[in-house]
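Engineer:
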Amino acid sequence: MALPYSKMPGALALLLEVRARTKPGDVIGIAVPFTKWDQGYSYLYTRALYPLTGRVVVPLLDEHDRPRADNLARANVVAAYRCEPHIAGFAVVWRGRDGMLLRRTP
Amino acid sequence: MIPELSAVALALAVGIPLASSLRVSASPRDNVSLLTGEGLLLGIGICAAMPALLPWSRWFIVPVLLIIAAVFAWRSAGSSPPGQHASPSRWALLFYALALIALIGYALYATVAPPPEYDYLTNWGYKAKAFFEVRYLDWQFLRQATYFNVHPDYPLLLPLTYDFIAILRNGWSDAHLGVVNVAFATASLLVIHGAALEETRSRLAAAFITAALVPFAATPWIGLAEGPFVAFATSALLLIRRGNMALGAILLGLAASTKNEGLALIVAAALGLICARRARDVIRLWPAVAIPLPWLIARSLHSLVTDIAAGGVIARIVDHLRDPMPLIAAIASVSLGKPLLWIALAIGIAIASRTLVTRERFVIVTLAVQFACYIGAYLATPFDLSWHVTWSWERLVTHLTPALTYVVLTSLIAWHGASEPAAQS
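Protein chains in written order, with this note's numbering: chain A, 989 to 1094; chain B, 18 to 442.
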């Protein structure tokens, strides 16, 4: 299963960790250190769908590289791969070697 | 791998008696390979239908399948047992060995790791896994899918096949789902072998054709619907071609339940029959329409839109027809590989052209219409043309090549048989 994620080492392990720490129905935003849809963002976002089935996985960037504030507003969890996003209303609940998990604070 | 192999065994248990009861007198019952191949394909179709009809529990589904198998077996009881064939020649054994070795290699390739294809992760496998998580056909999930590659409008036979295996396991594991590809490749090769054996009455010819067609049946895209579609579609065309309308039409319906291209294939087959002066047989294709019909109705009720048919289809077709060069350039830029195959196929078509035109009108017209439908889909695409062609052209071509290669090979054998006495005289 690692082959489709090979361009982002550690990404699959991170996603499996995110799966273990979230529950069905959670809305998960994907954050990566790339700001272009076709230059890294879509790679991880689209590959996050399969390991995170049962959750609603939403992109925080659209195909024209614009931020998706509507999706961020929907998300109650953000999975961040090799970046440390500072998002108002979210707090880090888990930190691993290749990323972290942020959850919306009450 | 036990659940995967159990799924294949159950498919055989249900499918073989059903295939046996659907055989026509033109197809002798002693053609074991044909019966097994047809049975496996039918059985997989029945197994895939189970999650759509019954609670997602092996304690419901397995007994129901065993009852169906017993009923079909009872109905087909009394059919003649497999007959004795003459022993194959050394050359035939060599080709059988080649086919077997290639198939074993394919099985190792298909099962060495979970399906790695992008379309498996975002479409076929994703849908199957999402359904299994909730243990039902999740229409809300399909309606709310935001990423375009999920393609909620695609038929569900393959995802439900994966779910059937997960139900047998009582858990999701994709480690050996490649077994499904191997089962389909084996089934289509058995049908190809059986059809060739019936037609040529030569074990050597049947063994050669089977070995030659392994690379087409064993599609490299593990986890995607190409392999199942090729198996259903090729087998359907070969059976309809030989006059076995009932089984052929059912397999055509299963092809349409696997990929949307199968719907086009039903129309193409109907036109092929008309051009082959078999217009009366068109009505006998009704199972091909009836099988995918429930899915088409459900798809419509849930407003699962097909992206090709998204608004402005006519305008897009007109635009692309006005300037066809981007399409031609895109197709030309995609390498189909296997240059020797295409050269050999072209030479074969040239040599056997007369036989192909007179004897193989059904298959040739069907494939030509299907090819035209694929070009039509590119003309109507709402996506970037170059991107769409790059990521689909090679796979689409594999839908057509097995049946084409089969009829070219059998035509060459027929041409050789006809020309030999003339040469001798």
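Ideal Cβ positions, reconstructed from N, Cα and C, are used throughout, including at glycine.
Using a Cβ-Cβ cut-off of 9 Å, state whether B/N444 counts as contacting chain A.
Structural biologist: This structure cannot settle anything about residue 444 of chain B, because the visible part of chain B is limited to 18 through 442.
Engineer: Going along chain B in order, which residues have a C-beta closer than 9 Å to the C-beta of A/R1035?
Structural biologist: Those are Y135, L138, T139, listed as they occur along chain B.
Engineer: Can a CB atom of chain A be found closer than 9 Å to the CB of B/E216?
Structural biologist: For B/E216, the answer is no, since every Cβ of chain A falls outside 9 Å of its Cβ.
Engineer: From B/L254, B/A349, B/V414, pick the residue whose C-alpha is nearest to that of B/V459; which is it?
Structural biologist: Limits of chain B in this structure are 18 at one end and 442 at the other, which puts residue 459 of chain B out of reach.
Engineer: Give the secondary structure of B/Y395 by DSSP, where H, G and I count as helix, E and B as strand, and everything else as coil.
Structural biologist: Reduced to three states, the DSSP call for B/Y395 is helix.
Engineer: Within this structure, are the beta carbons of B/P133 and B/G240 separated by less than 9 Å?
Structural biologist: Result yes, Cβ atoms of B/P133 and B/G240 sit closer than 9 Å.
Engineer: DSSP state of A/L1003, grouped into three classes?
Structural biologist: DSSP places A/L1003 in helix when its eight states are reduced to three.
Engineer: Would you verify that the beta carbon of B/T407 is, or is not, closer than 9 Å to some beta carbon of chain A?
Structural biologist: Not closer than 9 Å to any Cβ of chain A, the Cβ of B/T407 fails to qualify, so no.
Engineer: Start and end of the beta strand (DSSP E) containing A/I1018?
Structural biologist: Unbroken beta strand (DSSP E) run through A/I1018: 1015-1019.
Engineer: Taking the continuous beta strand (DSSP E) assigned at A/M1088, which residues delimit it?
Structural biologist: Per DSSP, A/M1088 belongs to the beta strand (DSSP E) from 1087-1092.
Engineer: Mind checking who A/A1068 pairs with in its DSSP beta bridge?
Structural biologist: Note: A/A1068 sits in a beta bridge opposite A/A1019, A/M1088.
Engineer: Given a threshold of 16 other Cβ atoms within 10 Å of its Cβ, counted over all protein chains shown, does A/P1039 qualify as buried or as exposed?
Structural biologist: A/P1039 is buried by the Cβ-count criterion.
Engineer: At a CB-CB cut-off below 8 Å, which residues of chain A make contact with B/A147?
Structural biologist: By Cβ distance, chain A contributes T1041, G1042.
Engineer: Identify the residues that DSSP records as bridge partners of A/R1062: which are they?
Structural biologist: BP columns for A/R1062 are empty, so no partner.
Engineer: In chain order, what residues of the same chain lie with their CB nearer than 6 Å to the CB of B/P245, ignoring the 5 residues before and after it?
Structural biologist: Within the same chain, B/P245 has close Cβ partners L175, F201, T275.
Engineer: Using DSSP's beta-bridge definition, name the partner residues of B/F249.
Structural biologist: In DSSP, B/F249 forms no bridge with anything.
Engineer: Can you give the Cα-Cα distance for B/S93 and A/Y993, rounded to whole angstroms?
Structural biologist: The straight-line gap from Cα to Cα measures roughly 50 Å.
Engineer: Would the region 346-362 of chain B count as touching the region 395-414 of chain B if we require 3 or more Cβ pairs under 8 Å?
Structural biologist: Segments in contact, yes.
Engineer: For B/T227, which residues in the same chain have their Cβ closer than 8 Å to its Cβ, ignoring the five residues on either side in sequence?
Structural biologist: Around B/T227: F112, Y113, A116, L206, I209, H210, A213.
Engineer: Which residues does DSSP pair with A/W1082 in a beta bridge?
Structural biologist: A/L1089, per the DSSP bridge assignment.
Engineer: When you compare only the Cα positions, how much space is there between B/T203 and B/E55?
Structural biologist: If I take the Cα positions, the gap works out to 11 Å.
Engineer: Within 9 Å (strictly less), CB to CB, does B/N198 reach chain A?
Structural biologist: B/N198 does not count as touching chain A.
Engineer: Please list the terminal residues of the continuous beta strand (DSSP E) segment that includes A/P1055.
Structural biologist: Counting along the chain, A/P1055 falls outside any beta strand (DSSP E), and DSSP gives it neither H nor E.
Engineer: Closest Cβ-Cβ distance between A/V1046 and chain B: below 9 Å?
Structural biologist: Yes, its Cβ sits closer than 9 Å to a Cβ of chain B.
Engineer: Between which residues of its own chain and A/A1063 is the CB-CB distance below 8 Å, once the five residues before and five after are set aside?
Structural biologist: Here the set comprises V1015, I1016, G1017, V1046, L1048, R1092.
Engineer: Which term fits B/I267, buried or exposed, when burial requires 16 or more other beta carbons within 10 angstroms of its beta carbon?
Structural biologist: So B/I267 counts as buried.
Engineer: For A/P1012, go through chain B and note every residue whose CB falls closer than 9 Å to its CB, in chain order.
Structural biologist: Those within 9 Å of A/P1012 in chain B are E150, V151.
Engineer: Using the C-alpha atoms, what's the distance from B/A367 back to B/F3?
Structural biologist: A question about residue 3 of chain B goes unanswered here, because the residues of chain B that appear run from 18 up to 442.
Engineer: State the Cα-Cα distance for the pair B/L110 and B/S370, rounded to the nearest angstrom.
Structural biologist: For B/L110 and B/S370, the distance between alpha carbons rounds to 30 Å.
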